[in-house]
Amino acid sequence: MNKQFLSAQAVTQFIDINGRHLAYRTFGSGTPLVLCVRFRGTMESWDPLFLNSLVEQGFQVTIFDYSGLGKSTGERTYNPASLAKDAIELITALKLGKVIIGGWSLGGIAAQIVLAQAPQLVSHVVLLATTPPGSLVKPGEAMFYEMAKRENDFEDFTRLFFEPDSASSRASAERSWQRLSIVREDASPEVPPSWAGEQLGDAPKNPMFPADAVLQVLKSTPIPVLHLGADHDIVFPVENWYSLSDQLPTLHLVTFPSAGHGPHLQHPSAAARHIAAFVSTSVEEDQ
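Each residue of the sequence shown is one higher than the one before, counting from 1 in the UniProt record's numbering.
Structure (structure tokens):
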């Protein structure tokens, strides 16, 4: 089963940056796309079919573990600015030039900070099920804060990342769960739930991402931004992006129905095609 996924064949590599070793994998060829992973995520948290589909759409994909997590060394933290620093320094050290910076959930917050702090490195921004900066019109659900602090079984996985009341979404959850169960010998170790829970807090916050400077960048940047979300995201409701849509001049919005906090897990191939269409559209507009 591993042979059909390029991401499963990609060798884990390490690069020494400022006294820490960042673990990363790069596969495919074409336009460089760097992905920042979710809360409690490692390189193993990306659905291999989604990664494969991105490669098929002409992207060179790089995934990595944040400092101190997974197979990376250094001080572990969930401070979004530190996660963005990891991404910026990795892009620079690997000499990737201008990249599409992508991020899922917490990684999407990091990606927005990368845009704000190092726009010279960014051609496009791809945000997956994340939150915008500033005050929210709709906060997340308390259920997430319960599940995020414990080991998760399939039912938790379905409630976190899919729409459990939808038969088709639940079927997609089963398929994604199986793909994510592929074991590789050099797999990144899981992020300890106890440590992650200590960083999270006990209830939804408003704002989740109190960064006025980043919001101002989103309001003025010429760089195209895509948010790919779902109609029932229990962590970061997509309504918060729609409430800002008339203020963010380069924002593209794609929302999947009957889906949850992992729209690219439920629709891996379609999500990759949407990302490719977004990049292609904004390139055409520049010509």
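Even glycine gets a Cβ: it sits at the ideal position worked out from N, Cα and C.
Tell me the DSSP bridge mates of residue 32? 60
Can you give me the Cβ contacts of residue 202 inside the same chain, cut-off strictly under 7 Å, excluding the 5 residues immediately before and after it? 145
For residue 235, I'd like the list of residues in its chain whose CB is within less than 6 Å of its CB, leaving aside the five on either flank, ordered along the chain. 140, 144, 261
Alpha-carbon spacing of residue 107 relative to residue 62, whole angstroms: 14 Å
If you scan the region 137–171 from start to end, which runs of the alpha helix (DSSP H) of 4 or more residues do you find wholly inside it? 142–147, 154–161
Counting C-beta neighbours from all protein chains within 10 Å, is the total for residue 95 16 or more, i.e. buried, or is it exposed? exposed
Three-state secondary structure (DSSP) at residue 281? helix
Give the single residue among 276, 148, 217, 183 whose Cα lies nearest to the Cα of residue 43. 183
For residue 289, the first and last residue of its enclosing alpha helix (DSSP H): With the chain covering 1 to 287 only, the question about residue 289 has no answer from this structure.
Count the CB pairs spanning the region 188–195 and the region 117–137 that are closer than 8 Å, and state whether there are at least three. no
Do you know offhand how far residue 15's Cα is from residue 45's? 21 Å
Three-state secondary structure assigned by DSSP to residue 17: strand
Whose CA, out of 149, 170, 4, lies closest to the CA of residue 158? The option with the nearest alpha carbon to residue 158 is 170.
Outcome for residue 219 when other beta-carbon atoms lying within 10 angstroms are tallied against a minimum of 16: exposed
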